[in-house]
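Shown next, in structure tokens, is the structure this report addresses.
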Amino acid sequence: MTITLKAEPSTGYAPLTVTFIGEWDVGTPPYLVMIQTGTGETITEYNYYEKRIERSFTYWDPGTYYPVLSIVDTTGRSWSTSYGEVKVTVQPKPEMTVKVTAPETGYVGEIQFIGLSVEGGVPPYTGILDFGDGSMPLIWDNVESFPPVVSHTYMSPGTYEITFTVFDSEGNSKSDSAIITVESVTPPPEVYLTYAKIEDMKYQFVVTIYGGEPPFKGSISYGDGTSDPINTSERTLIFTHTYASAGTYKVEVKITDQKNRSDEYSLEIQVEAPPPPPCLLYTSPSPRDL
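So the sequence shown is numbered by numbering that gives the first Met the number 0: it starts at 0 and just counts up by one.
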């Protein structure tokens with residue numbers, strides 16, 4: 000004759016819901032069935048006719064508990080068994096992680112977007128975001144979360160360290176930083192194109208670049224299916240091209256500077272065929288001249 004008690008699961012974080020499974024093959028029903036949870040609470044069933052019972056119980060507080068199954072049959076005989084222990088622990092708090100992201104480079108007067116991220120820890124939080132340029136930092140107090148993106152404008156060139164510091168409700172703190180280099184503003188590139196006829200069918204093209212940040216990349220297309228590449232830090236470029244036939248051609252130049260800013264310029268030229276060579280007239284001598 001046996002009586003057994005199982006607990007599933009027997010370990011975990013509070014609150015932990017445990018299913019008790021009791022089985023027996025003793026006594027005469029109906030039974031009085033009691034499962035003592037170890038917390039001072041008892042699961043009780045009266046006039047129970049089965050020889051198997053399954054009940055759930057939630058442990059709200061961490062600790063070690065020793066559940067016991069007891070049964071009393073209709074004749075007053077009793078049996079009991081214990082499971083062992085149910086161990087309930089406190090779930091560890093996730094470690095707080097803080098992250099700030101910013102562009103590597105920017106320009107004076109240009110809006111910069113700065114990313115913020117906080118995970119773990121115990122809210123509410125207090126946060127301080129220092130932009131590194133002496134301006135007033137952003138401060139959050141007693142908040143559950145932070146905006147994913149904030150903006151800031153730097154008014155002077157330089158290299159700045161952005162620092163994001165967060166404190167949780169238990170006094171834990173974490174910081175992260177990012178570096179941004181702010182450069183002086185330069186106007187976007189502007190490209191111009193002029194040309195001159197050198198000789199029949201042969202032309203010289205002058206490309207002039209204003210503004211922008213070298214080096215410059217691009218090409219000049221002559222309108223006849225041919226082109227020349229541009230890859231230079233110079234601002235004045237000279238190209239020579241000979242056309243194979245007369246016609247109207249659209250010449251186009253495109254450039255992009257180091258900051259990926261682009262410009263283009265185009266014009267049409269009328270290429271004329273060279274005049275035919277002069278004709279030489281030959282006459283036969285007359286008989287009188289012979």
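Glycine included, C-beta positions come from ideal geometry on N, C-alpha and C.
As the structure is a prediction and not an experimental result, all values here were calculated from the model.
Practice prompt. Mind checking who residue 101 pairs with in its DSSP beta bridge?
Written response: Counting from one through the sequence shown, the residue named residue 101 turns up at place 102. DSSP, once it has assigned bridges, lists no residue as partnering residue 101.
Discussion item. Just to confirm the assignment: which complete beta strand (DSSP E) runs, minimum length 3, are found wholly within the region 133-175?
Written reply: 137-142, 148-152 and 157-166
Worksheet entry | Per-residue DSSP class, three states only, for residue 243 | Residue 243 sits at position 244 when you count from the first residue of the sequence shown. Note: residue 243 maps to coil in three-state DSSP.
Fill in: Cross-strand partners of residue 203 (DSSP beta bridge)
If you number the sequence shown from 1, residue 203 lands on position 204. Beta-bridge pairing links residue 203 to 195 and 239.
Item to complete: Please classify residue 220: does DSSP put it in a helix, a strand, or coil?
Response: Taking the first residue of the sequence shown as 1, we reach residue 220 at position 221. Correct three-state label for residue 220: strand.
Worksheet item: CB-CB under 7 Å to residue 186, same chain, minus the five flanking residues each way: which ones, in chain order?
Response: Numbered from its first residue, the sequence shown carries residue 186 at position 187. Same-chain partners within the cutoff: 210.
Worksheet item: For residue 5, does the three-state DSSP call read helix, strand or coil?
Response: Against the sequence shown, residue 5 aligns to sequence position 6. Residue 5: strand per DSSP, three-state reduction.
Item to complete: Compare the C-alpha of residue 23 against each of 140, 0 and 34 and name the closest.
Response: Within the sequence shown, numbered from 1, the residue matching residue 23 stands at position 24. Restricting attention to 140, 0 and 34, the CA atom closest to the CA of residue 23 is found in 0.
Worksheet entry | Extent of the continuous beta strand (DSSP E) to which residue 214 belongs | Along the sequence shown, one-based indexing puts residue 214 at 215. Segment: none, residue 214 is in no beta strand (DSSP E) and carries neither H nor E.
Worksheet item: Based on the DSSP secondary-structure assignment, which residues constitute the bridge partners of residue 249?
Response: As a working mapping, residue 249 is identified with position 250 in the sequence shown. DSSP, once it has assigned bridges, lists 267 as partnering residue 249.
Worksheet item: Mapping DSSP to helix, strand and coil, what is residue 54?
Response: As a working mapping, residue 54 is identified with position 55 in the sequence shown. If DSSP states are grouped into helix, strand and coil, residue 54 belongs with the strands.
Practice prompt. Might you give, ordered along the chain, the residues of its own chain that have their beta carbon closer than 8 Å to the beta carbon of residue 147, omitting 5 neighbours on each side?
Written response: Reading the sequence shown from its first residue, position 148 is the one you call residue 147. Around residue 147: 114, 115 and 116.
Discussion item. Which same chain residues end up closer than 7 Å to residue 183 when comparing Cβ atoms and leaving out the 5 residues on each side of it in sequence?
Written reply: As a first step, residue 183 is located in the sequence shown; it is residue number 184 there, counting from the start. Hits under 7 Å: 107 and 156.
Worksheet item: Which residues bound the beta strand (DSSP E) around residue 129?
Response: Here residue 129 is taken as the residue at index 130 of the sequence shown, counted from 1. Residue 129 -> beta strand (DSSP E) spans 124-129.
Item to complete: Tell me whether the beta-carbon of residue 249 lies closer than 8 Å to the beta-carbon of residue 265.
Response: Here residue 249 refers to the residue found at position 250 of the sequence shown. Here residue 265 refers to the residue found at position 266 of the sequence shown. Yes, they are a contact pair.
Fill in: Residue(s) in a DSSP beta bridge with residue 11
Sequence index remark: in the sequence shown, residue 11 carries index 12 (1-based). DSSP output for residue 11 lists 87 as bridge partner(s).
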